[in-house]
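Undergrad:
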DNA sequence: ATAATTGCAAATAGTTTGCACCTAC
DNA sequence: GTAGGTGCAAACTATTTGCAATTAT
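Chains as they are written, first to last, in the numbering used here: chain A, 2 to 147; chain B, 2 to 147.
(1) Interface residues of chain B around residue 106/A at Cβ under 8 Å?
(2) Using the Cβ count rule (16 or more neighbours within 10 Å means buried), how would you classify residue 136/B?
(3) Counting beta carbon pairs with one atom in the segment 126 to 145 of chain A and one in the segment 15 to 27 of chain B, are three or more of them shorter than 8 Å?
(4) Work out the CA separation of residue 72/A and residue 28/A for me, nearest whole Å.
(5) Report the CB separation of residue 105/B from residue 93/B in whole angstroms; it is logged as a contact under 8 Å.
(6) So, does the segment 73 to 81 of chain A touch the segment 54 to 62 of chain A, judging by three or more C-beta pairs under 8 Å?
(7) Quick test of your reading: residue 74/B and residue 25/B, contact by CB under 8 Å. State the CB separation rounded to the nearest angstrom.
(8) What are the boundary residues of the beta strand (DSSP E) that includes residue 107/B?
(9) Tell me the DSSP secondary structure of residue 6/B in three-state form.
(10) Roughly how many angstroms lie between the CA atoms of residue 37/A and residue 131/B, to the nearest whole one?
(11) Could you check if residue 3/A is buried or exposed, using at least 16 other CB atoms within 10 Å of its CB as the buried criterion?
(12) For residue 12/B, which residues from the same chain have a beta carbon less than 8 Å from its beta carbon, with the 5 sequence-adjacent residues on both sides left out?
(13) State the DSSP-derived secondary structure class of residue 121/A, mapped to helix, strand or coil.
(14) Return yes when the Cβ of residue 34/B is within less than 8 Å of the Cβ of residue 84/B, no when it is not.
(15) Suppose you measure from the CA of residue 50/B to the CA of residue 31/B; what does that come to, to the nearest Å?
(16) Could you give the distance in angstroms between the alpha-carbon of residue 141/A and the alpha-carbon of residue 60/B?
(17) Does the beta carbon of residue 134/A come closer than 8 Å to any beta carbon on chain B?
(18) Nearest-angstrom Cα distance between residue 47/B and residue 120/B?
(19) Does the CB of residue 75/B have a neighbour CB from chain A at under 8 Å?
(20) Considering Cα atoms alone, identify which of 14/B, 139/B, 62/B and 122/B is closest to residue 102/B.
(21) Any idea which residues DSSP pairs residue 130/B with across the strands?
(22) Measuring straight from C-alpha to C-alpha, what distance separates residue 99/B and residue 90/A?
(23) To the nearest angstrom, report how far apart residue 147/B and residue 122/A are at their CA atoms.
(24) Step through the CB atoms of chain B and report whether any lies within less than 8 Å of the CB of residue 78/A.
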């Protein structure tokens, strides 16, 4: 299961990189992998305070920053101003709902999986890319249509 | 020329949509089209205050919001927190430099020009998408390498 | 033991809003 | 003349930072 796999990955990574395995880090990884959307800091914080009162929003920010540095999670730029986070670090397209701001995976893996180029003519070195689909999820579409 | 074309488009749009053609709106369109990168509000504001002292940052925000609504410009989500703006509203990939935050066009038009799908299996209606390449521009690459 | 991590409060960055004045039409 | 636009100051939202207390190893 994905959650188990990621928790193990976190433990291994902490050991090998000499990073402390704190309850906060475990908890953030747990709540992040428990969802199948890609939540914001506030959404994670809300999930976390239920199980772990006293948890600070600052810590959520810092834990996610650490995870990003360790390559355990990926920050997603949605069209909204809040950052979203994904524990699946593989390169895949995301859908952003303009209604509710939700960010989810786009399942058709035939779309948006491109060969990342190396260096462009004008010397720009490409190391990563993102494909983001923008639109309205089923729920928000229903609300707008009626 | 692109700048002339966009200024004309602005004038036409203002007339047809009953929107005032103010000196501020003309100036924002001029400084935006004069650059070939995709500037932030602050970059535009800096360019503007040279020619138009007394211009307010708030106005730059509001003018760009109006332009977006009229379909004259497109807001680009870079990885940084600042919004970038592009007067070329056609669907094309952008490159974002992780060093200096610069956003420019990706010239290879064969890459990232995809058929936008309609509605996914789970009811998500796609109305737009963005392809963003991430890396280091020539200048920043030089600074990192040495 | 000690270096890393956390939590709080305050700071910062980007953007938006309320309102009185101004200006394009 | 009037609806819409602008500029200022203040508010707001997301995120970051300084620092003292705590904790993982």
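All C-beta atoms in this analysis are idealised placements derived from N, C-alpha and C, irrespective of residue type, glycine included.
Please read all numbers here as calculations on a predicted model, not as lab measurements.
TA: Walking through what the data contain:
(1) Along the first chain, one-based indexing puts residue 106/A at 105. Going along chain B, no residue has its Cβ under 8 Å from residue 106/A, so there is no contact; the nearest lies around 10 Å.
(2) On the second chain, residue 136/B is found 135 positions in, with the first residue counted as 1. Buried, by the Cβ-count rule.
(3) Fewer than three pairs of CB atoms, one per stretch, sit closer than 8 Å, so the segment 15 to 27 of chain B makes no contact with the segment 126 to 145 of chain A.
(4) Along the first chain, one-based indexing puts residue 28/A at 27. Along the first chain, one-based indexing puts residue 72/A at 71. Between the alpha carbons of residue 28/A and residue 72/A lies a gap of roughly 17 Å.
(5) The residue labelled residue 105/B in the question sits at position 104 within the second chain. The residue labelled residue 93/B in the question sits at position 92 within the second chain. With 8 Å as the limit, residue 105/B and residue 93/B do not qualify as a contact, their Cβ atoms being about 11 Å apart.
(6) No: fewer than three Cβ pairs fall under 8 Å.
(7) Within the second chain, residue 74/B is the residue found at index 73, counting from 1. Within the second chain, residue 25/B is the residue found at index 24, counting from 1. A Cβ-Cβ distance of about 14 Å is found for the pair residue 74/B and residue 25/B, leaving them out of contact under the 8 Å criterion.
(8) Reading the second chain from its first residue, position 106 is the one you call residue 107/B. The continuous stretches of beta strand (DSSP E) do not include residue 107/B, and DSSP gives it neither H nor E.
(9) Taking the first residue of the second chain as position 1, residue 6/B is located at position 5. Assigned with DSSP and collapsed to three states, residue 6/B falls in helix.
(10) On the first chain, residue 37/A is found 36 positions in, with the first residue counted as 1. On the second chain, residue 131/B is found 130 positions in, with the first residue counted as 1. The alpha-carbon atoms of residue 37/A and residue 131/B are separated by roughly 22 Å.
(11) Numbered from 1 along the first chain, position 2 holds the residue referred to as residue 3/A. Residue 3/A should be labelled exposed.
(12) What you label residue 12/B is simply residue 11 of the second chain in a count that begins at 1. Contacts found: 22.
(13) Numbered from 1 along the first chain, position 120 holds the residue referred to as residue 121/A. Shown here, residue 121/A sits in coil according to DSSP, grouped into three states, outside any helix or strand.
(14) Residue numbering aside, residue 84/B sits at position 83 when the second chain is read from its first letter. Residue numbering aside, residue 34/B sits at position 33 when the second chain is read from its first letter. No, these two residues do not count as a Cβ contact at 8 Å.
(15) Here the question's residue 50/B lines up with position 49 in the second chain. Here the question's residue 31/B lines up with position 30 in the second chain. CA-to-CA, the gap between residue 50/B and residue 31/B works out to about 13 Å.
(16) What you label residue 141/A is simply residue 140 of the first chain in a count that begins at 1. What you label residue 60/B is simply residue 59 of the second chain in a count that begins at 1. The alpha-carbon atoms of residue 141/A and residue 60/B are separated by roughly 31 Å.
(17) The sequence position of residue 134/A within the first chain is 133, counting from 1. Under the 8 Å criterion on CB atoms, residue 134/A is classed as interfacial with respect to chain B.
(18) To locate residue 47/B, count along the second chain from 1; it is residue 46. To locate residue 120/B, count along the second chain from 1; it is residue 119. Using only the alpha carbons, I get a separation of about 42 Å.
(19) By 1-based counting over the second chain, the position of residue 75/B is 74. No, because no Cβ of chain A sits closer than 8 Å to the Cβ of residue 75/B.
(20) Here residue 102/B refers to the residue found at position 101 when the second chain is read from its first residue. Looking at 14/B, 139/B, 62/B and 122/B, the one whose alpha-carbon comes closest to that of residue 102/B is 139/B.
(21) Residue numbering aside, residue 130/B sits at position 129 when the second chain is read from its first letter. Beta-bridge pairing links residue 130/B to 134/A.
(22) Residue numbering aside, residue 99/B sits at position 98 when the second chain is read from its first letter. Residue numbering aside, residue 90/A sits at position 89 when the first chain is read from its first letter. Rounded to whole angstroms, residue 99/B to residue 90/A spans 18 Å at the Cα level.
(23) Locating residue 147/B in the second chain gives position 146, where the first residue counts as 1. Locating residue 122/A in the first chain gives position 121, where the first residue counts as 1. For residue 147/B, the predicted structure reports a pLDDT of 45, less than 50, and the residue's modelled location is therefore unreliable. A value from the coordinates is still provided. Their Cα atoms are separated by approximately 21 Å.
(24) Residue mapping note: residue 78/A aligns to position 77 of the first chain, counting from 1. Residue 78/A counts as touching chain B.
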